[in-house]
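Chains as they are written, first to last, in numbering that gives the first Met the number 0: chain B, 0 to 346; chain E, 0 to 346.
Below: one structure, written as structure tokens.
Protein chains: 2
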Amino acid sequence: MAFGVDERAAQVLRHIVEDYVATAEPVGSRTVSKKMGQALSPATIRNIMADLEEMGFLAQPHTSAGRIPTGAGFRFYIDHLLLRRSLVQGEVDRLNQAAQEGVGNASADELVRQVSRLLANLACQASVVIVSRPDEQRLRSVSLMRASADKILLVAVMQSGYVQHRLIEGEPDVTADELEKINAYLNGLAEGLTLAALRVRVRAELRREKARYDRVMHRALAMGARALADSGPGEVFVEGRANILDQPEFAEDVQRLKRVLRAFEEKSVIFRLLDRAMASQAIQVSIGPENPVEELGDVSVVASGYRQGPSAMGSIGLIGPVRMDYSRVIPLVEYTANLLTTMFGQR
Amino acid sequence: MAFGVDERAAQVLRHIVEDYVATAEPVGSRTVSKKMGQALSPATIRNIMADLEEMGFLAQPHTSAGRIPTGAGFRFYIDHLLLRRSLVQGEVDRLNQAAQEGVGNASADELVRQVSRLLANLACQASVVIVSRPDEQRLRSVSLMRASADKILLVAVMQSGYVQHRLIEGEPDVTADELEKINAYLNGLAEGLTLAALRVRVRAELRREKARYDRVMHRALAMGARALADSGPGEVFVEGRANILDQPEFAEDVQRLKRVLRAFEEKSVIFRLLDRAMASQAIQVSIGPENPVEELGDVSVVASGYRQGPSAMGSIGLIGPVRMDYSRVIPLVEYTANLLTTMFGQR
DNA sequence: TTTAGCACTCTTCCTCCGGGAGTGCTAAAT
DNA sequence: ATTTAGCACTCCCGGAGGAAGAGTGCTAAA
Numbered sequence: 000m001a002f003g004v005d006e007r008a009a010q011v012l013r014h015i016v017e018d019y020v021a022t023a024e025p026v027g028s029r030t031v032s033k034k035m036g037q038a039l040s041p042a043t044i045r046n047i048m049a050d051l052e053e054m055g056f057l058a059q060p061h062t063s064a065g066r067i068p069t070g071a072g073f074r075f076y077i078d079h080l081l082l083r084r085s086l087v088q089g090e091v092d093r094l095n096q097a098a099q100e101g102v103g104n105a106s107a108d109e110l111v112r113q114v115s116r117l118l119a120n121l122a123c124q125a126s127v128v129i130v131s132r133p134d135e136q137r138l139r140s141v142s143l144m145r146a147s148a149d150k151i152l153l154v155a156v157m158q159s160g161y162v163q164h165r166l167i168e169g170e171p172d173v174t175a176d177e178l179e180k181i182n183a184y185l186n187g188l189a190e191g192l193t194l195a196a197l198r199v200r201v202r203a204e205l206r207r208e209k210a211r212y213d214r215v216m217h218r219a220l221a222m223g224a225r226a227l228a229d230s231g232p233g234e235v236f237v238e239g240r241a242n243i244l245d246q247p248e249f250a251e252d253v254q255r256l257k258r259v260l261r262a263f264e265e266k267s268v269i270f271r272l273l274d275r276a277m278a279s280q281a282i283q284v285s286i287g288p289e290n291p292v293e294e295l296g297d298v299s300v301v302a303s304g305y306r307q308g309p310s311a312m313g314s315i316g317l318i319g320p321v322r323m324d325y326s327r328v329i330p331l332v333e334y335t336a337n338l339l340t341t342m343f344g345q346r
Numbered sequence: 000m001a002f003g004v005d006e007r008a009a010q011v012l013r014h015i016v017e018d019y020v021a022t023a024e025p026v027g028s029r030t031v032s033k034k035m036g037q038a039l040s041p042a043t044i045r046n047i048m049a050d051l052e053e054m055g056f057l058a059q060p061h062t063s064a065g066r067i068p069t070g071a072g073f074r075f076y077i078d079h080l081l082l083r084r085s086l087v088q089g090e091v092d093r094l095n096q097a098a099q100e101g102v103g104n105a106s107a108d109e110l111v112r113q114v115s116r117l118l119a120n121l122a123c124q125a126s127v128v129i130v131s132r133p134d135e136q137r138l139r140s141v142s143l144m145r146a147s148a149d150k151i152l153l154v155a156v157m158q159s160g161y162v163q164h165r166l167i168e169g170e171p172d173v174t175a176d177e178l179e180k181i182n183a184y185l186n187g188l189a190e191g192l193t194l195a196a197l198r199v200r201v202r203a204e205l206r207r208e209k210a211r212y213d214r215v216m217h218r219a220l221a222m223g224a225r226a227l228a229d230s231g232p233g234e235v236f237v238e239g240r241a242n243i244l245d246q247p248e249f250a251e252d253v254q255r256l257k258r259v260l261r262a263f264e265e266k267s268v269i270f271r272l273l274d275r276a277m278a279s280q281a282i283q284v285s286i287g288p289e290n291p292v293e294e295l296g297d298v299s300v301v302a303s304g305y306r307q308g309p310s311a312m313g314s315i316g317l318i319g320p321v322r323m324d325y326s327r328v329i330p331l332v333e334y335t336a337n338l339l340t341t342m343f344g345q346r
């Protein structure tokens, strides 16, 4: 066992974490002793607890209350002690079903949000999703459409089913006919490329076309280049906020509830966390005090990326109070992310 | 003054409402007497208050606390006593600016949500928006795009700038070329019609085309008819939930906070309320207990429709605890809705 | 009809106190 | 050298009791 935590201490820590997760109350030495089958007396447990506290894994709300795990305590538990609870079949079924429904008749966005909502309810936490900037995704088709007298809308459908819009300003005098031609031309270029690759491609073509003079093509490329220039900052969806309201720790402590709810609004920080999970393609757990900003000090984020084939599509996860049942939540998030990856594989 | 409420009683009610809105505390006779310039003694005020309570406009949390307005009290205040506070220039400026920015470089959706977010912050309430089913909106252009091996995406851009997707299943063997032709044909039909009208038009064409045999056209129409058949249930966006967290009435009463937050999740009920505001094209105020479901018993919704030219586009408003400053909030919502209408008029 | 006066009601905020939970320490037991 | 029993101590929690304050309703006088 790492960090000078011997096996016995680790088991004590495990029981404290699990009891605290279940009850939201500080855990005393007597309780732990019982849970461990009386193999050790409360007094011994107390000694171990004192050690664990010294190492920073436990804290006491006040003298003569039990101990509660600190952020570091949860971290150690997750990294070294977690026994993954296997998912209940019913949960798996419901997730699969939601995904099947979604894949049939919804856009990629809808599919993801539907699954996310269900995940939130199953885990009794809020759920959180990001969709990656589509720069990395492969295109299925593109279309330029007249949006107003002087604006054109570029619609790009990714192979994942994700749909992306970009508004191009100041193109008053392109005719419908020309738009059609441009569409055909762009589609020829685009299919199978990523948006980023298309951007490069379009720029190259643009240079080449400068020589021969073809007004329409030049237009097409210039517009394309413009539309592809910027990529949005990405969005965060939070679903199922209400799921956390019944946690017992909020019954008296309004302040904490407010802090957690405010944390849900920290979209840009949440985005960074999920983005990291997406990049690593492994499940990521950020525990309260580990988070980069103070505002998220009371919440944990458990997230995992999902892909289409080899390319990252986004990240899905849960956000809620630090005291969450990681043994249940981590497999759940993992399964859900894999499910999305499977679903997108079928597209 | 209606309902047997004489002028004096009305003024008393007004002061009670306003004081309660400002302080979140029950209001006593002494306070009212002072506010009214000592014209009436506290004892007299007490008599009037007893009358108002009998009429159902006031309530006492317990004997010997002051009075607080009931739902009916707020209703009477809004209908008969409200002195609209004129907007602060700074607020107007910020709204205008947000709208100008949005109209320039964002889709209709984005524009509306941006304005909504700002509205929420200005009012210190949560804001809420719906976008109407686009059936009633006029089309600018449509495009069919290949979305996957056996699916096609219909993208419709409305004259408002609002973009609508419909997924059509089971069209594996339409070629890119055919799609282009179909696009051209549909666009010819569609421009300037509403989706509903297009639906009718397409069905008519479909009957006519049955006679002469043109495979592509028939395809186009069949697909069009299918895509247009259903119209989604409409969406509700809630922004700025965190704005209400600091209301003093929540400092001790967690239950009430939870109820209000849960109310924010009652999307379908909120939708109905906003839809009503959209239909009536006048500002609508729904006060707590008036609401159709118990879950919204603690919140008020203030909403107003916005249009593009003559056709309803959606509805925007605020949702928050019943105790809100209607004299400020109502003009604010009204202004915002008009602003959106103006913005969409420029499209 | 209004108002001053007054008794009454309730909440709120102290403080005090006992019970209980849990600890840390020490000394004995293994 | 560990483990454990015993014990004193600390701190939270809940209830009791009481004083202060706010506000009311009623009555009788202006």
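Using N, Cα and C, we set each Cβ at its ideal position, and we do this for glycine too.
Model, not experiment: these values are computed from the prediction.
Around the beta carbon of Pro25/E, 16 or more other beta carbons lie within 10 angstroms, which makes this residue buried. Between Pro41/B and Val4/B, the alpha-carbon positions lie close to 19 Å from each other. Cβ-Cβ distances below 8 Å link Val16/E to Pro68, Gly72, Phe73, Tyr76, Leu80 in the same chain, with the five nearest sequence neighbours on each side left out; the list follows chain order.
Between Phe236/B and chain E, the shortest Cβ-Cβ separation is not below 9 Å. Interface flag for Gly27/E against chain B is unset, since no Cβ pair is found closer than 9 Å. Not a single CB atom of chain B sits nearer than 9 Å to the CB of Val16/E. Residues of chain E whose Cβ lies closer than 8 Å to the Cβ of Val253/B are, in chain order, Phe249, Ala250, Glu251, Val253, Leu256. In this structure the region 265-282 of chain E lies against the region 128-135 of chain E, because at least three pairs of beta carbons, one per stretch, are closer than 8 Å.
For Met157/B, DSSP records a beta bridge to Leu138/B. Along the region 175-201 of chain E, the positions whose C-beta sits under 8 Å from a C-beta of chain B are Ala175, Glu179, Asn182, Ala183, Asn186, read in chain order. For a Cβ distance threshold of 8 Å, residue set Met144, Arg145, Ala146, Ser147 of chain E lies close to Arg139/B, ordered along the chain. DSSP places Gly72/B in the uninterrupted alpha helix (DSSP H) bounded by 70-75. Between the region 298-311 of chain B and the region 326-333 of chain B, the count of Cβ pairs shorter than 8 Å is three or higher; the stretches touch. Residue burial is scored here from C-beta neighbours: Lys33/E has fewer than 16 other C-beta atoms within 10 angstroms and is therefore classed as exposed.
DSSP places His164/B within a strand segment (E or B) once states are collapsed to three. The beta carbon of Glu100/E is closer than 6 Å to none in its chain, skipping five residues each way along the sequence. Judged by DSSP in its simplified three-state form, Arg66/B adopts strand.
The shortest C-alpha to C-alpha distance from Ile282/E to any of Asp274/E, Ile47/E, Arg137/E is the one to Asp274/E. According to the DSSP secondary-structure assignment, Arg306/E is paired through a beta bridge with Ala311/E.
The continuous alpha helix (DSSP H) containing Ile47/E extends over residues 41-53. For Ile167/B, the CB contacts under 7 Å within the same chain, skipping 5 residues up- and downstream, are Lys150, Ile151, Leu153, Met222, Arg225, Ala226 in chain order. Beta-carbon to beta-carbon, Ala241/E and Leu260/B are separated by about 6 Å, close enough to satisfy the 8 Å threshold. Comparing alpha carbon positions, the residue from Gly187/E, Val20/E, Leu118/E, Pro309/E closest to Leu220/E is Gly187/E.
In this chain, the beta strand (DSSP E) harbouring Phe236/E covers 235-238. Nearest Cα to Gly160/E within the set Val111/E, Asn182/E, Leu317/E: Val111/E.
Cβ-Cβ distances below 7 Å link Leu39/B to Ser32 in the same chain, with the five nearest sequence neighbours on each side left out; the list follows chain order. For Gly160/E, the chain B residues whose Cβ falls inside 9 Å of its Cβ are Ala146, Ser147, Lys150, Leu152, Leu166, in order along the chain.
In this structure His61/B is exposed. Its beta-carbon is surrounded by fewer than 16 other beta-carbon atoms within 10 angstroms. Around the C-beta of Arg29/E, fewer than 16 other C-beta atoms lie within 10 Å, and the residue is accordingly described as exposed. Residue pairing for Gly316/E: DSSP places it in a beta bridge opposite Val127/E, Ala302/E. Scanning chain E for C-beta atoms nearer than 9 Å to the C-beta of Ala241/B yields Lys257, Leu260, Arg261, Phe263, Glu264, reported in chain order. Contact check for Arg93/E against Glu238/E fails: the beta carbons are separated by 9 Å or more.
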